[in-house]
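Just below is one structure, and these are the notes that go with it.
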RNA sequence: GGAGGGGUCGCAUAGUGGUCUAGUGCGGGCGCCUGCUAAGCGCUUUCCCUGGGUAACUGGGGACGAGGGUUCGAAUCCCUCCCCCUCCGCCA
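In the numbering used here, the protein residues as written are 111 to 522.
Structural data, given as structure tokens:
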């Protein structure tokens, strides 16, 4: 959520930012409601003050008191109504990109800022992971569909083992070498967590939801992690906070219907290790660079070639002020796979989730900045590991860092 | 799921219709005192909204788990919901 004062004082800056995102938002309506709200509050406060004075005179002022009560109730209802309308609109407005974010319409205008390694060239014709996986009997697509329908699959034997090895390896690396503390959060959360992290109200159609209990299934561990410190005031000494969490992630993928239906690239359920930070505002840009390096480190240790792309305004996520995507090369399906998206959300989520810190012992609380990034997303790293390490005989060499976790050097 | 008890300013507590403008203790901050430290003494210490002023500053309103209601007036009375504790039931 944006600061209403920012919109009030710099409406053109906000409108311009939204235009650069190729998005739209009713800024003029927000300004109108904001002005109306404040006019009403001035009136309401005056009436309440009068009530306070009059009630001290006890029985003498009962008639005026009754009239005041009616007036106050009417105005309160009006202000509540405007508050709700304003809130609804404010929650739909995206974050403002930072000045160094390239302006562009979609992912074709993202900018590659660096690369690592060379996209692998194999001396035989590489197979896509769905063929490799079926031949090795480590991915079972048919039975996944039998159980749960399209976009579901089953990992079995060494496939399941490989995924579990990756999860453990990621968590060990981030907790032991990068300074993150591990969290095991709920996979279902309350509505206000979804609002806090920026998923609701705008993206409801992509979220699984249990209507009976009003539980919402997380599409990323970013959601519970954002809300870990909801409605808290942290001390300056506690910051920065680094968290990582493994969770299953659930997405309806309504918006990408028909896209990437082959293989395990885009399912309704997938696994991910997420990195998350709460930091002081002035440090968040440096923290984004560090977080991105932490995610990259995983690719390097797995020996996977990748590129880092700075997202342009048109491709930037709703909550983000600046993001880097990490794409790894997959020679079998012949594409760059997005395995991480590292974002600085500024104070956008902190304002929604009301996460603040006190810069000095008796100072006024301020919103923290939050950052998130995958470290990394599993099915896609599985794809990359399988396709990059495949041999001419159809077996897969296990990367050295994973061998102790997998308990084998080759999957065959 | 059932019965009972409870949710007050970081923590602990007081407060059962108007003197609560939410008290007290602990903790935190500033200062005094002091070979040093501790103790002691004094002052201070919740958050949000909003008005006036370039500003320092200053006026007003709201919040006692959440939301409604009763009343001239609600932390206090009533209703609904949430959470915690104890016991029972069920369960990995």
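Ideal placement from N, C-alpha and C gives every residue a C-beta, glycine not left out.
Annotation: residue 200 to residue 462 spans about 10 Å, alpha carbon to alpha carbon.
The Cβ atoms of residue 324 and residue 361 do not sit closer than 8 Å to each other. Under the three-state reduction of DSSP output, residue 320 falls in the strand class.
Between residue 157 and residue 178, the CB-CB gap stays under 8 Å.
Secondary structure at residue 195: helix, using DSSP grouped into helix, strand and coil. Contact between residue 225 and residue 417 holds, since their C-beta atoms are separated by about 5 Å, short of 8 Å. Boundaries of the beta strand (DSSP E) around residue 452: 445-454. Per DSSP, the unbroken beta strand (DSSP E) holding residue 327 starts and ends at 325-327. When DSSP reads this structure, residue 132 sits in no beta bridge, so it has no partner. Beta-bridge partners assigned by DSSP to residue 293: 355. 488 is the residue among 373, 488 and 513 whose C-alpha sits nearest the C-alpha of residue 359. With fewer than three CB-CB distances shorter than 8 Å, the region 409-427 does not count as touching the region 256-270. In the three-state DSSP reduction, residue 390 falls in the coil class, being neither helix nor strand. If you draw a straight line from the Cα of residue 478 to the Cα of residue 398, it comes to about 14 Å. Between residue 391 and residue 341, the C-beta gap is not smaller than 8 Å, which leaves the two residues out of contact. The beta carbon of residue 191 is closer than 7 Å to none in its chain, skipping five residues each way along the sequence. Residue 133 and residue 403 have their C-alpha atoms spaced approximately 30 Å apart. Residue 412 carries a helical assignment under DSSP once its states are collapsed to helix, strand and coil.
Burial check for residue 459: the Cβ neighbour count within 10 Å reaches 16 or more, so the residue is buried. Counting other Cβ atoms within 10 Å of its Cβ, residue 355 reaches 16 or more and is therefore classed as buried. Taking every protein chain shown into account, the CB of residue 514 has fewer than 16 other CB atoms within 10 angstroms, so this residue is exposed. Just so you know, the alpha carbons of residue 288 and residue 357 end up roughly 19 Å apart.
Residue 447 is a Cβ neighbour of residue 437, given a cutoff of 8 Å. Closest by C-alpha distance to residue 351, out of 290, 242 and 202, is 290. If the five residues before and after residue 377 are omitted, its C-beta is found closer than 7 Å to the C-beta atoms of 261, 262, 263 and 489, all from its own chain and listed in chain order.
Per DSSP, the continuous alpha helix (DSSP H) segment holding residue 284 begins and ends at 268-286. Rounded to whole angstroms, the gap between the alpha carbons of residue 215 and residue 137 is 21 Å.
Judged by DSSP secondary structure, residue 112 falls outside any beta strand (DSSP E); it is assigned neither H nor E. Residue pairing for residue 482: DSSP places it in a beta bridge opposite 386 and 453. The C-alpha of residue 500 lies about 4 Å from the C-alpha of residue 506. Taken in chain order, the whole beta strand (DSSP E) runs of length 3 or more contained in the region 228-256 number zero.
In the structure shown, residue 336 adopts helical secondary structure according to DSSP, grouped into three states. Annotation: the continuous alpha helix (DSSP H) that includes residue 137 extends over 137-165. For the pair residue 281 and residue 407, the CB atoms are not nearer than the 8 Å cut-off. One Cα belongs to residue 420, the other to residue 143, and the distance between them is close to 36 Å.
Per DSSP, reduced to three states, the secondary structure at residue 492 is helical.
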